[in-house]
Amino acid sequence: MVADGFMIQRPVDKSLNLIAEEMANLYNAVEGHDNPDFQPKDAAFFEKLYAPLDLEKDLVLAWNPEGHLDGMARIYQMDASAIGISVNVRPSRRAVGIGSRLFDEILKEAMSREYAKIKTIVSSYRPYIISLAKEKGFERVDTKIRMETEISDDLLENKEDTRIQITEMKSENHLDLWKKLQDSIFADSPTYEPMSRDTLYAFQQKSGFIGLLTYQNGEPIGYCAGWETNPNNFFIFGIGLLEGYHNQGYGTVLLTKVLHEAKKQGMSKSNLFVEVNNDPAINFYKKKFKYEEKYRRIYFEIDK
């Protein structure tokens, strides 16, 4: 049952610029309530983010009796074979059926699309959404741990290794190599999807971007890349070495150099995501760089 007076509808008679402010207010209420990585967003952010959407088909909105947005569900493309759905409800309006109704409406729309799979990603600090996804028939396919560390001086002791060479990847000329390494290193990850060159180029343009390539005898063997996500945090998007180059100290040298550069740019913290069953990587981050678990990101899928 949905609370009396609420209206669940597609935004058929509202333009994006008219509802962007409401979207920002809803986002800040939801994310500010429980997301440890929360950064507030304004209306301009949502006008830009949702500009490519077909509002009538890709969004479902829940309006309260006062005419304000208290819930929203949306569809977004994840890869060539799958679309994702997300549902958000204002914390003060939960447990009255709004989330379930939004989930039903957006899932119905997603089921009508020509995609093999529908996915949703939920953080562990939102157990009510996890329960809702399971109730609607979604199954967990992967879990990643979000880890964080302080970039302290004791982590940045000079670590040189004459067996490898490390260079920056700031040029567009590095994009194809970056893509090749990343696709190879993460090929066995259950949720990894190869990214386009254009996507990697967009990452390269982000504020505070740092990217390093690792070579041995002139052959590329690994990389690390990330960027600033707020004024003092460096997010490591990806780090890895090709098979045959693990457990030789190369990763320690690579990550040390990246964190050293991040600290030079004024960042004092770093975070990353790692597969929940990748014990060697988790232990590496904990023991070498004092990363600690903050929460988990759970990936769900449902077949059509």
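Residues 0 to 303, numbered by numbering that gives the first Met the number 0, are exactly what the sequence shown covers, in order.
Idealized CB from N, CA, C, for every residue including glycine.
Check	Outcome
DSSP bridge partner residues for residue 183 (one or two, in chain order)	Note: residue 183 sits in no beta bridge, so no partner.
8 angstroms Cβ shell around residue 0 - same chain, five flanking residues per side excluded	Note that residue 0 scores a pLDDT of 40, beneath 50, so its modelled location is shaky; the value from the coordinates is reported in the next line. Answer for residue 0: 95 and 96, listed in chain order.
Pair within 8 angstroms by beta-carbon distance, residue 194 and residue 179	no
At least three beta-carbon pairs within less than 8 angstroms, the region 274-294 to the region 259-266	no
First through last residue of the alpha helix (DSSP H) which encompasses residue 222	Unbroken run through residue 222 is the beta strand (DSSP E), 218-229; no alpha helix (DSSP H).
Whole-number beta carbon distance between residue 220 and residue 241, since they are thought to touch under 8 angstroms	5 angstroms
Separation of residue 158 from residue 59, as counted between CA atoms	52 angstroms
Cross-strand partners of residue 107 (DSSP beta bridge)	Paired residues: none, contrary to the question.
Between the CA atoms of residue 187 and residue 298 - distance to the nearest angstrom	16 angstroms
Burial state of residue 146 (16 or more Cβ within 10 Å)	buried
Under 8 angstroms between C-beta atoms of residue 301 and residue 137	yes
First and last residue of the uninterrupted alpha helix (DSSP H) at residue 38	Premise fails: residue 38 is in no alpha helix (DSSP H) and is neither H nor E.
For residue 181 and residue 243, believed in contact at Cβ under 8 angstroms, the rounded distance	In fact, because the Cβ distance is near 17 angstroms, the residues do not count as touching under 8 angstroms.
Residue ranges of each alpha helix (DSSP H) within the region 124-182, 4 or longer	126-134
Three-pair Cβ contact test at 8 angstroms for the region 273-280 versus the region 113-131	no
Residue 13 versus 31, 142, 62 and 201, residue with shortest Cα-Cα distance	62
With 16 other Cβ atoms within 10 Å as the buried cut-off, status of residue 108	buried
Cα-Cα separation, residue 65 to residue 16	19 angstroms
Contacts around residue 268, its chain only, beta-carbon distance under 8 angstroms, and the 5 residues preceding and following it disregarded	147, 148, 149, 150, 231, 232 and 233
Residue 311, enclosing alpha helix (DSSP H) - first and last residue	No information on residue 311 is available, as it lies outside the stretch 0 to 303 that the chain covers here.
Nearest neighbour of residue 132, chosen from 30, 99, 265 and 282 [CA to CA]	99
Whether residue 82 touches residue 125 by CB criterion (8 angstroms)	no
In DSSP terms, what residue 270 is bridged to	147 and 234
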